[in-house]
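1 is the number of the first residue of the sequence shown in full-length UniProt numbering; add one for each residue after it.
Notes follow once the structure below has been shown.
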Amino acid sequence: MRLGLPEPLSLLVRKRFTAAKESGGLVFSATQLAVLSASGIQYQLRYCPALAKKPNATAKQLPQEPKHSNNNNATNKHDKKPDPFENPSEDLFIADIPFHPSASDRQQQGKRGPSHILVLNKFPVIPNHFILATKSFRPQTDILEKDDLEVTFACLREWRGEDLDIQDDDREKRHQKGAAASSGRRLFAFFNSGEESGASQPHRHLQFLPVEDMRGQELSSSSSSSSSSFSASSWVPLIDRVSTAEAIVSHSAFRELPGLPFKHFALLLPEDPSAEFLHNAYLSLYQAAVAADAGTTSSNREDVQTSGPAAISYNFAMTESAMMICPRKSETAQLQLQKEKSDSAISLNGTILAGTLMVKQEPEWDELCSAPEKLDSLLAAVGIATVSS
1 MRLGLPEPLS LLVRKRFTAA KESGGLVFSA TQLAVLSASG IQYQLRYCPA LAKKPNATAK
61 QLPQEPKHSN NNNATNKHDK KPDPFENPSE DLFIADIPFH PSASDRQQQG KRGPSHILVL
121 NKFPVIPNHF ILATKSFRPQ TDILEKDDLE VTFACLREWR GEDLDIQDDD REKRHQKGAA
181 ASSGRRLFAF FNSGEESGAS QPHRHLQFLP VEDMRGQELS SSSSSSSSSF SASSWVPLID
241 RVSTAEAIVS HSAFRELPGL PFKHFALLLP EDPSAEFLHN AYLSLYQAAV AADAGTTSSN
301 REDVQTSGPA AISYNFAMTE SAMMICPRKS ETAQLQLQKE KSDSAISLNG TILAGTLMVK
361 QEPEWDELCS APEKLDSLLA AVGIATVSS
C-alpha cells in the first residue's frame, strides 16, 4: 500500500517535529550517549536525567473524557487514563492513514476511511520519534492485525523514499528520492505489548525511530572505559545483525544471535512483501515466543491463538528487511550499584531490539559505563535468559 501523503513522510515528520518543539507541543529531552560492548555486541546507552523529573498525571490533572467518545468498550484502565491517540493535539498530529485530502474526495473515489493516524511522541529523547496508532481504539495487548503490519511496512518503505510517485519530468521528486537513498535514511519500528513489555498506553500503537537520528547524537566522553571507546559508527541496530553471518538459522528457519542473553526469534523479509506475508511472518514469530515462554518446542505452536488478546508480554521490532521478537518476563531489571551499595530498577522496552537502552539516574549511568558487561544481566532479567547467560 501507499500512505498517500502530500509530501515525503520524512520531510513531513521533521517539519511537524520542529514546529511542535518550537511551540512547546512536545518536550524534547537531550541525552548523553555512550556506545558500550557486552558479549561482542555494541549497545547504545543513553542517560536522560530530565525524564526522572517527568510528572505523573494525577486524577485532578486528567482531562474529562470527551462526550462524543465512542470507546465505551474500553477497559477500566483505559477509562481512567486520557487517551493521547483518541483526539491528538494539533501540535502532535501528523496525518490520517491512508491519507485523503477530504472526506468528500475519499467518498467520490470510493475509498475506505483512515484506519490509523500518525502522531509525534510528546516526550521524545531522540529527534523525530513518531507513532502509528489505530484510528479507533484497539487494545495494545491484542495480537497485531494485518492492516497494522501493512501500514507499518509502508511507513518503513516510504521513509527511505521508495514510495515517491515519480514522473520522468518531475525533477524535484526525483531529487528527493535520490537524496533519501544516498543518505541511508531508514526507520526502526517497535511494539510493546503486555504488562512486562514497557508499554505505556492501552490504545494500540507502534513506534518509529529514525536510525539516522539514533546515530546522529554525539558520543559521550564522560566515561574513560575502554569498553565505551567505540565511535558512534560502530553501533548498528541490533535487528540488523540477524541478516549477517553471525546469525544462526534454527531448524524452524528462525534466525538467532548467539551473543544475546535473552531468547529471541527473527525472520528476514523479501523486498516487496504482501500484507498477508507480513502478517503470517509476525504470527509465526509470536507463536515461537509463546512456545518459548511456556518452555515448549516449536512443534507445539499449532494451538497458539492468532487473534485477540496476546498470551504473553513481548517486544516486536521491524525494519524493511527483518522482523524480530522477544518474550518478556519483567518490565524492569535490578542493577547493582557498587558505590551506593544498593540496587536500582532499570525499565526496558522494545528499543532493546535496536540495541539501545536508557537510564535516568547518574549512578546507573556511571555503573554501566564502568561495567558494561552488566548489560547482559539486565537483558537476561527482563526476558527469558539463554543458557549461556
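Beta carbons are placed, not taken as given, at the ideal position from N, Cα and C, and that holds for glycine.
From which residue to which residue does the alpha helix (DSSP H) around residue i run?
i: residue 394; result: The question about residue 394 has no answer here: the residues shown for the chain are numbered 1 through 389.
i: V151; result: K146 to W159
i: L9; result: L9 to S23
i: D83; result: From DSSP, D83 is part of no alpha helix (DSSP H); its letter is neither H nor E.
i: D96; result: Here D96 belongs to no alpha helix (DSSP H); instead the beta strand (DSSP E) covers F93 to I97.
Taking 7 Å as the threshold (C-beta atoms), are residue j and residue i in contact?
i: L337; j: E362; result: no
i: A275; j: E150; result: yes
i: Y262; j: G113; result: As written in the sequence, residue 262 is Phe, which differs from the Tyr given in the question. Not in contact: F262 and G113 (Cβ atoms no closer than 7 Å).
i: L132; j: L118; result: yes
i: F188; j: L206; result: no
i: A245; j: R255; result: no
i: N128; j: R215; result: no
i: L45; j: A30; result: no
i: L3; j: I97; result: yes
i: L357; j: S344; result: no
i: H116; j: K146; result: no
i: G295; j: G40; result: no
Using the three-state DSSP reduction, which class does residue i fall into: helix, strand or coil?
i: H68; result: For H68, the predicted model reports a pLDDT of 36, less than 50, meaning its position is unreliable; a value from the coordinates is still stated below. In this structure, H68 counts as coil in the three-state DSSP scheme.
i: S228; result: Only weak support exists for where S228 lies, its pLDDT of 47 falling under 50; the value from the coordinates is given anyway. Three-state result, S228: helix.
i: G383; result: strand
i: residue 453; result: Nothing can be reported for residue 453: it is not among the residues displayed for the chain, which extend from 1 to 389.
i: F137; result: coil
i: S215; result: According to the sequence provided, residue 215 is Arg. The question's Ser does not apply to it. Looking at R215 - three-state DSSP - the assignment turns out to be helix.
i: V242; result: helix
i: V290; result: helix
i: D272; result: coil
i: L206; result: strand
i: H116; result: strand
i: F277; result: helix
i: L353; result: helix
i: A253; result: coil
i: L5; result: coil
i: L260; result: coil
i: A247; result: coil
i: L26; result: coil
i: A266; result: strand
Which stretch, first to last residue, makes up the beta strand (DSSP E) that contains residue i?
i: S37; result: Q32 to A38
i: C326; result: A322 to R328
i: D366; result: Element bounds for D366: not the beta strand (DSSP E) but the alpha helix (DSSP H), E362 to S370.
i: D343; result: S342 to S347
i: M358; result: T356 to V359
i: I41; result: I41 to Y47
i: N192; result: L187 to S193
i: Q334; result: T332 to L337
i: A317; result: S313 to M318
For residue i, which of the options has the nearest alpha-carbon?
i: S309; options: T134, N128, T141 and F277; result: It should be pointed out that residue 309 corresponds to Pro in this sequence rather than to Ser. That would be T141, whose Cα lies nearest to the Cα of P309.
i: L278; options: T152, R14 and F28; result: T152
i: residue 390; options: T31, R241, A371 and L5; result: The structure shown does not extend to residue 390, since the chain is modelled only from 1 to 389, so the question has no answer here.
i: S37; options: S252, Q201, S370 and A380; result: S370
i: V27; options: P8, S321 and K53; result: K53
i: P49; options: V359, A385 and D376; result: V359
i: L9; options: P210, T332 and M214; result: P210
i: K339; options: S321, K15, G194 and E364; result: E364
i: Q42; options: L257, E271, N280 and I312; result: L257
i: L11; options: R186, G24 and N349; result: R186
i: A322; options: S136, L238, D148 and I312; result: L238
i: P139; options: S200, A281 and S342; result: S200
i: P82; options: F17, S234, P202 and G198; result: P202
i: R16; options: F130, A311, F85 and E373; result: F130
Consider the C-beta atom of residue i and the heavy atoms of the ligand NAP; say whether any pair is separated by less than 6 Å.
i: A266; result: In the structure on display, the ligand NAP does not appear, and there are no ligands present to speak of.
Taking CB distances under 7 Å as the criterion, tell me whether residue i reaches chain B.
i: S370; result: Within the model displayed, chain B is absent; a lone protein chain is all it includes.
Exercise for the section: Count the C-beta pairs between the stretch 115-127 and the stretch 84-103 that are closer than 8 Å, then say yes if the count reaches three, no if not. Expected result: yes
Practice task
Determine, using beta-carbon pairs with one atom in the stretch 259-270 and one in the stretch 281-291, whether at least three such pairs fall under 8 Å.
Solution key: yes
Handout entry: the stretch 312-321 contacting the stretch 288-295, beta-carbon criterion three pairs below 8 Å
Key = yes
Exercise for the section: Indicate whether the contact test is met: 3 or more Cβ pairs, each with one atom in the stretch 346-357 and one in the stretch 304-311, closer than 8 Å. Expected result: no
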